[in-house]
Structure formats: structure tokens, C-alpha cells
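To start, the structure under review is shown below, and the notes come after it.
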Amino acid sequence: MRTLFISDLHLHSGRPDLTRALLHFLASTAQECDQLYILGDLFEAWIGDDFIPEDLQPVVDALNALSRSGCEIFFQHGNRDFLVGQRFAELTGVQILGDSEIIELASGPALLMHGDQLCTDDHAYQALRQQLRNPQWQQAVLAKSVTERLEMAKQLRMASETQTADKSTEIMDVNPQAVQQAMATANSDLLIHGHTHRPAVHSLEAGKRRIVLGDWDKSGWYLEASEQGEKLIEFNLN
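Put into C-alpha cells, the structure is as follows:
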């Protein structure tokens with residue numbers, strides 16, 4: 001059994017190189033895996049399943065092709081693509097996960113999260129996250145026109161960039177106590193997440209581990225899990 005994990009690609013029209021890199025990854029590296037987990041922020045913004053940008057249609061088609069080839073694909077919402085819904089799942093063949101999921105790897109149980117819910121020191125973001133994940137708020141947004149939603153996504157990105165520039169790196173990282181609590185609740189010695197864009201394998205107390213997936217920007221990242229263990233891999237996007 002070979003399982004791959006990716007997150008934080010932030011695909012959008014301004015970075016066609018990222019889309020090309022993902023298409024190559026899905027057609028090559030992912031072809032040899034049994035399961036692929038996408039742990040959030042596949043897209044820079046997703047305004048609803050009724051609007052698929054033309055430049056992202058190949059991604060939908062490639063995910064569908066990989067799924068039909070026999071690879072199980074799982075998708076977890078991030079803080080950028082929280083409006084991905086059932087229609088997207090039907091078009092791609094992915095299975096949508098909850099915010100926290102336990103899966104079984106060869107090394108034992110693993111807790112999967114996007115990771116933003118662990119950044120509990122960022123109180124302003126956590127308040128915003130609660131709003132963005134509210135089903136009633138999401139339904140109200142999806143009822144708006146595509147033009148309105150595109151403008152709203154633009155405004156949210158601008159606000160996020162402004163707020164991020166004013167925050168310390170410590171506030172935007174995960175809170176150690178939140179990590180400990182999440183792993184204890186899940187009864188898991190391994191946590192895999194993205195969001196922070198700080199790829200690393202952290203050794204914790206009592207033999208526990210936290211693996212942080214890298215974002216795709218200057219290079220790409222994926223985690224490979226097999227009977228030999230877990231390996232965090234960086235690769236050239238070109």
C-alpha cells in the first residue's frame with residue numbers, strides 16, 4: 001500500500017506553472033499510489049461547484065481520470081477552498097473528508113487535518129474561520145451571483161494578505177497545546193497537516209510525530225507513506 005499526501009497548492013490563473021506541475025504529478029507520481037489525500041487549499045479560491053474556471057477544468061478531468069484508474073482520492077477542506085461540495089466530488093471522484101480524520105497507515109493510526117484549526121493563538125482568524133464554516137453563511141454566499149462571489153473572494157484574499165503582513169510568525173503557527181489535545185483526543189501518535197507552509201517532520205514527546213506538508217510555490221512537496229514508513233519529499237516544479 002502506497003499513500004500520498006499533498007496540500008496548499010493554491011491553484012489559480014496567475015500561476016499556470018502550478019497547474020502544470022499538478023497535472024504532471026497526477027499523471028506520473030500519483031499513478032503508482034493506492035490512495036491520494038489532498039489536505040486542503042488545493043485552490044487559491046473556490047466560489048462554488050457551479051463555477052469552474054476554464055484553466056482549472058484540466059485539474060478536474062485529471063482527478064477524475066486518476067480516480068477511475070483505481071486510485072482512491074480524498075479531499076479535506078482548507079481555508080481557501082471551503083466551498084468545495086458534493087458536485088465537485090461527483091465530477092472528480094474524490095471523497096470529501098471532515099475537518100479531522102483518522103486513517104490507518106502501516107505505521108499505525110494517523111490524524112489528518114488541514115491545520116488552520118490548530119492555529120489557536122490567531123484569535124481573529126479563528127473567529128473568521130467560524131463564520132466561513134457556518135453552513136447558513138455558506139448557503140447565503142452560494143445564493144449570490146458568480147460575479148458577486150468572485151468579488152467577495154477577491155476581497156477576502158486582499159484582507160488576508162493585509163492581516164498576515166501584520167501578524168507575527170508565531171501567531172500564525174500551530175499552538176503546541178492544540179496539537180497535543182488534538183492528538184490525544186484522536187488517540188494518534190502521528191499528525192499530518194498543511195496550512196502553515198512550514199514543511200518539516202517534528203519529533204514530539206513519547207515518540208509522537210507531527211508531519212507538516214509543504215506548499216507548492218518555488219518547489220513542490222508530497223508525503224509518501226508505505227510499509228517502509230513516511231517520507232516527506234521536495235521536488236522541482238519544472
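Using full-length UniProt numbering, the first residue of the sequence shown is number 1, and each one after it goes up by one. Positions of the beta carbon are idealized from the N, C-alpha and C atoms, including for glycine.
Task: Status (buried if at least 16 other CB within 10 Å, exposed otherwise) for Pro135 - done: As a working note, residue 135 is residue 135 in the sequence shown. Looking at its Cβ environment, which holds fewer than 16 other Cβ atoms inside 10 Å, Pro135 is exposed.
Task: Whole runs of the alpha helix (DSSP H) within the region 104-167, excluding any shorter than 4 residues - done: Given a length threshold of 4 residues, each whole run of the alpha helix (DSSP H) inside the region 104-167 is given here in chain order: 123-132, 135-142, 146-165.
Open item on the list: The alpha helix (DSSP H) that contains Glu234, what's its start and end?
Closed with: Working through the sequence shown from its first residue, we reach residue 234 at position 234. Unbroken run through Glu234 is the beta strand (DSSP E), 229-235; no alpha helix (DSSP H).
Open item on the list: In whole angstroms, give me the CA-to-CA distance for Leu42 and Ser145.
Closed with: Mapped onto the sequence shown, residue 42 falls at position 42. Mapped onto the sequence shown, residue 145 falls at position 145. In a straight line, the C-alpha of Leu42 is about 23 Å away from that of Ser145.
Task: Tyr125 vs Phe74 beta-carbon contact at 7 Å - done: The count along the sequence shown starts at 1 and reaches residue 125 at position 125. The count along the sequence shown starts at 1 and reaches residue 74 at position 74. No, the pair does not count as a contact, with Cβ atoms beyond the cut-off.
Open item on the list: Using only CA atoms, which one of Leu156, Lys231, Leu237 lies nearest to Phe5?
Closed with: Taking the first residue of the sequence shown as 1, we reach residue 5 at position 5. That would be Lys231, whose Cα lies nearest to the Cα of Phe5.
TODO: Report buried or exposed for Met183, applying the criterion of at least 16 other Cβ atoms within 10 angstroms of its Cβ.
DONE: Counted from its first residue, the sequence shown places residue 183 at position 183. The residue is buried, with at least 16 neighbouring Cβ atoms inside 10 Å.
- [ ] Find out if the Cβ-Cβ distance for the pair His10, Gly40 is shorter than 7 Å.
- [x] Against the sequence shown, residue 10 aligns to sequence position 10. Against the sequence shown, residue 40 aligns to sequence position 40. Taking 7 Å as the Cβ cut-off, His10 and Gly40 do not qualify as a contacting pair.
Task: Identity of the residue in Gln228, Pro109, Pro176 nearest Ala205 by Cα - done: Mapped onto the sequence shown, residue 205 falls at position 205. The amino acid occupying residue 205 in the given sequence is Glu; Ala does not appear at that position. Closest by C-alpha distance to Glu205, out of Gln228, Pro109, Pro176, is Pro176.
Task: Continuous beta strand (DSSP E) stretch holding Glu224: start and end - done: Numbered from its first residue, the sequence shown carries residue 224 at position 224. Counting along the chain, Glu224 sits inside the beta strand (DSSP E) bounded by residues 220-226.
Task: Integer Cβ distance of Thr162 from Met172, believed to fall under 8 Å - done: Position 162 of the sequence shown, counting from 1, holds the residue named residue 162. Position 172 of the sequence shown, counting from 1, holds the residue named residue 172. 14 Å between Cβ atoms; not a contact.
Task: 7 Å Cβ cutoff met for Leu91 and Val59 - done: Reading the sequence shown from its first residue, position 91 is the one you call residue 91. Reading the sequence shown from its first residue, position 59 is the one you call residue 59. Cβ distance not < 7 Å, so Leu91 and Val59 don't count as in contact.
Task: Same chain, Cβ closer than 6 Å to Arg87, five either side skipped, listed in chain order - done: The residue given as residue 87 occupies position 87 in the sequence shown. Within the same chain, Arg87 has close Cβ partners Asp49.
Task: Integer-rounded CB distance, given that Glu44 should sit under 8 Å from His24 - done: By 1-based counting over the sequence shown, the position of residue 24 is 24. By 1-based counting over the sequence shown, the position of residue 44 is 44. About 19 Å separates the Cβ atoms of His24 and Glu44, ruling out a contact at the 8 Å cut-off.
- [ ] Starting from Ser203, trace the beta strand (DSSP E) both ways and give me its first and last residue.
- [x] Residue numbering aside, residue 203 sits at position 203 when the sequence shown is read from its first letter. Boundaries of the beta strand (DSSP E) around Ser203: 200-203.
- [ ] Sort Ile192, Leu63, Pro16, Gln181 by Cα distance to Ile103 and report the nearest one.
- [x] Within the sequence shown, the letter at position 103 stands for residue 103. Considering only Ile192, Leu63, Pro16, Gln181, the residue with the shortest C-alpha distance to Ile103 is Ile192.
Task: Which of helix, strand or coil DSSP assigns to His193 - done: Residue mapping note: residue 193 aligns to position 193 of the sequence shown, counting from 1. Judged by DSSP in its simplified three-state form, His193 adopts strand.
TODO: Could you tell me the boundaries of the alpha helix (DSSP H) in which Phe25 lies?
DONE: Counting from 1 along the sequence shown, the entry for residue 25 is found at position 25. Where Phe25 is concerned, the enclosing alpha helix (DSSP H) stretches over 16-27.
TODO: Count the other C-beta atoms from every protein chain shown that fall within 10 angstroms of the C-beta of Met158, then say buried if there are 16 or more, exposed otherwise.
DONE: The sequence position of residue 158 within the sequence shown is 158, counting from 1. Residue burial is scored here from C-beta neighbours: Met158 has fewer than 16 other C-beta atoms within 10 angstroms and is therefore classed as exposed.
TODO: Please name the residue, chosen from Trp137, Thr19, Lys208, Met1, that lies closest to Gln35 on a Cα-to-Cα basis.
DONE: By 1-based counting over the sequence shown, the position of residue 35 is 35. Selected option, being the one with the closest Cα: Met1.
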